[in-house]
Amino acid sequence: MPSTEHEEMIAMIQAAPPTAGTVEESRAAFDMMMSMFPPPHDANIEELMIGQMNADWVNVPESRKDRVVLYLHGGGYVIGTNVGYREFACRVARACKAKVLLINYRLAPENPFPAAVDDATMAYRYLLEQGIAADQIVVAGDSAGGGLTLATLVALRDAGTALPACATCFSPWVDLEATGDSSKEGAVDDPMVTVDGLLEMGQHYAGHDIRSPLAAPLYADLTGLPALQVFVGTREILCDDSTRIVDNAQSAGVDASLTVGEGLVHVWPIFPGLPESAESLEQMGEFVNKHLS
Numbered sequence: 004m005p006s007t008e009h010e011e012m013i014a015m016i017q018a019a020p021p022t023a024g025t026v027e028e029s030r031a032a033f034d035m036m037m038s039m040f041p042p043p044h045d046a047n048i049e050e051l052m053i054g055q056m057n058a059d060w061v062n063v064p065e066s067r068k069d070r071v072v073l074y075l076h077g078g079g080y081v082i083g084t085n086v087g088y089r090e091f092a093c094r095v096a097r098a099c100k101a102k103v104l105l106i107n108y109r110l111a112p113e114n115p116f117p118a119a120v121d122d123a124t125m126a127y128r129y130l131l132e133q134g135i136a137a138d139q140i141v142v143a144g145d146s147a148g149g150g151l152t153l154a155t156l157v158a159l160r161d162a163g164t165a166l167p168a169c170a171t172c173f174s175p176w177v178d179l180e181a182t183g184d185s186s187k188e189g190a191v192d193d194p195m196v197t198v199d200g201l202l203e204m205g206q207h208y209a210g211h212d213i214r215s216p217l218a219a220p221l222y223a224d225l226t227g228l229p230a231l232q233v234f235v236g237t238r239e240i241l242c243d244d245s246t247r248i249v250d251n252a253q254s255a256g257v258d259a260s261l262t263v264g265e266g267l268v269h270v271w272p273i274f275p276g277l278p279e280s281a282e283s284l285e286q287m288g289e290f291v292n293k294h295l296s
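This is how it looks when you write it as structure tokens:
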């Protein structure tokens, strides 16, 4: 059963939905929600530019200099920023004992597919250029950032680039057309995501490329990808995105695991103060320690 803290967080979100209104209104609402969670005082956040893209190096006292998590934020490819994810990146850094590179990839509709994939792969190659070994890198993301994590791995594999040690996805969005059973009317009571909202964001991002494997990794060949860890809740419209992508990965020979949170909502780990968030990040840290030296 979800914790009291989890249910209180849902009530707060329902009172002020972060994705209601126009693109501009949704961006402002989402940024306002994420600004409620400032980084801890012991964090060191260094702003940088990778090409024309803003990014942050996020360090906490536990961070190892030779271990990096490339983190790709959520927001349906339309909303969200690196700044809004700084607090969560600090918790990821602490759990994984790593530095986190948090990037501000370009958003749709101004910059549609494949802009986000291009920016994410550029950031990964930047890490390699900085002398970070591929086997000491983790790629991770939530929601659209989870889908982008998989697309980034596929794009890097196809380009012959050395792949990271492993990847973690929180509630990844891999099907831009909402064809899963959990997306059907009445299937789940999702307080955070709507099918209409998903379809609109999918069109903003991919348009005629809606089933491109790099836009919707549900249709990608996942052969040769590194170990994959996926989290999803049963109270998510996107629940079947996770179950299907893990099935696809395992069928392709990928070491893929799925953790299903009973009664939990979309990307719950990004919210601080929830017992479920702490547990998920502890599991991520164990996974990372298993696959990185």
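Start counting the sequence shown at 4; every next residue gets the next number (this note's numbering).
All C-beta atoms, glycine included, are put in the ideal place defined by N, C-alpha and C.
Note that the structure is a prediction, hence the values are computed from the model and not measured.
Have a look at V63, E65, P64, C93 and flag the residue whose alpha-carbon is nearest the alpha-carbon of Y74.
-> Comparing alpha carbon positions, the residue from V63, E65, P64, C93 closest to Y74 is C93.
Would you say V81 and A111 are within 8 Å of each other, going by their C-beta atoms?
-> yes
First and last residue of the uninterrupted alpha helix (DSSP H) at A147 = Segment 147 to 161, the alpha helix (DSSP H) holding A147.
By Cβ distance below 7 Å, which residues in the same chain neighbour Y129 in space, the five residues on each side in sequence not counted?
-> I53
Alpha carbon to alpha carbon, how far is A118 from G288?
-> 30 Å
For L277 versus H9, is the C-beta distance shorter than 8 Å?
-> yes
Residue range of the alpha helix (DSSP H) that includes A230 | Element bounds for A230: not the alpha helix (DSSP H) but the beta strand (DSSP E), 230 to 236.
Under the DSSP definition of a beta bridge, which residues are partnered with V120?
-> Per DSSP, none; premise fails for V120.
Straight-line CA distance for V268 to L295?
-> 29 Å
Do the segment 232 to 252 and the segment 175 to 190 make contact, defined as three or more Cβ pairs closer than 8 Å?
-> Judged by pairs of C-beta atoms under 8 Å, the segment 232 to 252 touches the segment 175 to 190, as three or more such pairs exist.
Should I273 and D145 be called a contact, given that it needs their Cβ atoms to be closer than 8 Å?
-> Yes.
Is Y80 helix, strand or coil by DSSP?
-> coil
Which same chain residues, not among the five before or five after D122, have their C-beta less than 7 Å away from its C-beta?
-> M56, I106, Y108, R109
Which residues bound the alpha helix (DSSP H) around S283?
-> 278 to 294
Hey, E239 and G205: beta-carbon distance below 8 Å or not?
-> no
Are P194 and V157 touching if we call contact CB-CB under 8 Å?
-> no
Is DSSP giving I16 helix, strand or coil here?
-> helix
Inspect the beta-carbon positions of Y222 and P115 and report whether they are closer than 8 Å.
-> no
May I ask you to list the residues that DSSP assigns as paired with S260?
-> Residue pairing of S260 in beta bridges, as defined by DSSP: Q232.
What residues in its chain sit with their C-beta under 7 Å from that of N85, if we drop five residues either side in the sequence?
-> N57, A58, D59, H76, L105, I106, N107
State the DSSP-derived secondary structure class of W60, mapped to helix, strand or coil.
-> strand
Distance between A219 and T262 (C-alpha atoms, nearest Å) = Between T262 and A219, the C-alpha separation is close to 21 Å.
Unbroken beta strand (DSSP E) run spanning F173, endpoints = F173 -> beta strand (DSSP E) spans 169 to 173.
If we count the other Cβ atoms within 10 Å of its Cβ and call it buried at 16 or more, is R214 buried or exposed?
-> exposed
Contact check, V198 vs L231 under 8 Å by CB: the rounded distance?
-> Wrong, their Cβ atoms sit about 26 Å apart, outside the cutoff.
Could you pull the start and end residues of the alpha helix (DSSP H) that V71 belongs to?
-> It is not in any alpha helix (DSSP H) - V71 instead sits in the beta strand (DSSP E) that spans 67 to 75.
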